[in-house]
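Protein chains in written order, with the UniProt record's numbering: chain C, 1 to 343; chain X, 1 to 166.
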C-alpha cells in the first residue's frame, strides 16, 4: 500500500506494468510456439494465421525438418461448411511430412437425416480428396488415415459406402497407417481386396470381438504380411460369462501366423465386464517378433470393477503367463490409458 | 539420496525430496551425475536454478509435489477408486492453471527449462486455450503481439480460409 501511494511506488508499479506488457508469446522458444499452435483445432489455426507473420509462417508452411507431422481434424461438422475448392486450396499448402487425417468420417451425434446427408457428402469428398492428397504428397511423406465412424457403425452398411479400390488405389504407395474402425466381420470383399493393395501399410486398426471363427478369418484373409502394428478394438466376448478361449487361443494364433513381422498387438476391450480367463497367454509368448503387447481394459485378471482400469497384481500376471523373466518393464496406467506390458 | 535444495534466481531456497525433484529431467540429470561421482551419501545439495524466479519455482514445485502425490495415490488405490482419483487430479489441475497470462508465460518457460513434461503439456494446452475461439486482435492483446501482416497478406489469408473466418 505504502509503495503504491508514494510517487516512487507508482513509478515502480508502472515500470512493472510496462515490463509485463513487453512479455510476448514470440519470446518463447519456437518449438514451444509450434506445440501451442498444434493444440488448436483446425478452425482456430486458420484464424490464428491472421495474428502475425510468425504464426502464419508456422501454420501455413510447416518445415518437415522441425515440424514433422500435423493433424487435420476434418470431421463431418467441419466438412459441412467448407466449400470444396477452399478445402483443396487449404490442403495444398499443408501437405508435407507425415500427415494425419483424423476423424475424417466421424458423424457421431447427428440425427439420422443429418447423418445421411453427411454420409453422402463424405462419400463425395473422400472420392475427391484422397486422390488429391496422394498427388500432393512429397516423396518422403507418409500418410496416416483415421477413418473412424464414431458411434454410427451402422452407417457403413446402411449407405452402402463400399470402400472400393478407387479410394485406396492412389493412396496405396504412401498409406502407412490406417484406423478404419470398421468391424472386421462386416468388411466387404471389395474392401478386403482394396486393403491388400496397401503395400506399405504397417499399422492397422480394426474392430472385432474375435469371438467367432468368421471374425478372425476376416482378419486373416486380409493378407498384409508387412503389418507391424495391429490394433483390434472391441476385442473379446460381449457377454460376461463367455470364455476368452476362442479369441485368445484360436483367433489370435491364426492371425499371428499370417503376420510374420508383427511387433505390436493391441487388444482393446470396450465392454466393461470381467471375463473368464482360464489359460495363460502362451500364444503371445511364442511369437518371436512380438515385442509389445497392449491389453487395454480387456483382461481384469480378477481385479477391478470394470470401470476401464486394470490392476495387474502378481497373481493376475501369473494367470496371464506373463510373470516370467521376459517381463522387463510393467507400467501401471491411470484409468482410461493404455497398459503396456513389455517382455 | 537426501533432500535437496533448489535455489531460485532471486536467492530463495526450496527444500524438496530428491524423488520429487526428479520429475524435472534437468534436475534428474544433474542428480544422476552427482550420484555417480559422490555416491548416495552426498550432503545436502543446493542446486541453483538461474532462469526461474522464486514465485515461479514455487509454482513448479507445487505441481511436482502434487503430481508425485497423485502418482502414489493411483498406485495405492483400488480400481474402484481410480475414477475418483482421476477426477480429483483434473480438478486440482484446473485450479492450478487459473493463472494470468504473465504467470502462464513464466510457468511455461520454467517448465521448458526444467523439462517437466507433464507441466509443459499442461501449460501449452492452457496457452492454446487462450487462443482458441479468440479473434486475431484479442490474441494479440492477450500475448503482447503486434500486427505485422500487410493488407495484401491478410486478404490472401482471408480468401484461403474463408470457410473458417466467415
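Ideal Cβ placement from N, Cα and C applies to all residues, glycine included. None of the values given here were measured: they were computed from a predicted structure.
- By DSSP's assignment, residue 5 of chain X forms a beta bridge with X:15, X:46.
- Residue 199 of chain C has a beta carbon lying at 8 Å or more from every beta carbon in chain X.
- At least one C-beta of chain C is nearer than 8 Å to the C-beta of residue 125 of chain X.
- Of C:200, C:201, C:202, C:251, the smallest CA-CA separation from residue 220 of chain C is found for C:251.
- Boundaries of the alpha helix (DSSP H) around residue 158 of chain X: 151 to 160.
- Residues of the region 45 to 62 of chain C with a C-beta less than 7 Å from any C-beta of chain X: 46, 47, 48, 49, 50, 51, 52, 53, 56, listed in chain order.
- A contact between stretches requires three or more CB pairs, one per stretch, nearer than 8 Å, and the region 44 to 64 of chain X meets this requirement with the region 15 to 31 of chain X.
- Rounded to whole angstroms, residue 52 of chain C and residue 107 of chain X show a C-alpha spacing of 23 Å.
- Below the 8 Å Cβ cutoff, chain C contributes 51, 52 as neighbours of residue 140 of chain X, in chain order.
- Shown here, residue 233 of chain C sits in a strand according to DSSP, grouped into three states.
- Per the coordinates, the alpha-carbon of residue 31 of chain C lies some 17 Å from the alpha-carbon of residue 143 of chain X.
- Counting only Cβ-Cβ distances below 7 Å, residue 35 of chain C has contacts in chain X at 124, in chain order.
- Neighbours of residue 143 of chain X in chain C, taken as residues whose beta carbon is under 7 Å from its own, are 24, 25 in chain order.
- Judged by DSSP secondary structure, residue 140 of chain X falls within the alpha helix (DSSP H) whose first and last residues are 136 to 143.
- Beta-bridge partners of residue 204 of chain C (DSSP): C:178, C:230.
- Restricting attention to X:161, X:141, X:136, X:151, the CA atom closest to the CA of residue 50 of chain C is found in X:136.
- Distance from the Cα of residue 35 of chain C is smallest, within the candidate group C:55, C:264, C:208, for C:55.
- Residue 32 of chain C has a beta carbon lying within less than 8 Å of a beta carbon in chain X.
- For residue 77 of chain X, the secondary structure class from DSSP, reduced to helix, strand or coil, is coil.
- When DSSP states are grouped into helix, strand and coil, residue 266 of chain C belongs to the strand group.
- The criterion of a C-beta distance shorter than 8 Å is satisfied by residue 48 of chain C and residue 139 of chain X.
- Under the three-state reduction of DSSP output, residue 148 of chain X falls in the coil class, being neither helix nor strand.
- Per DSSP, reduced to three states, the secondary structure at residue 108 of chain X is helical.
- When DSSP states are grouped into helix, strand and coil, residue 115 of chain X belongs to the coil group.
- The residue from X:7, X:33, X:59 with its alpha-carbon nearest to that of residue 120 of chain X is X:59.
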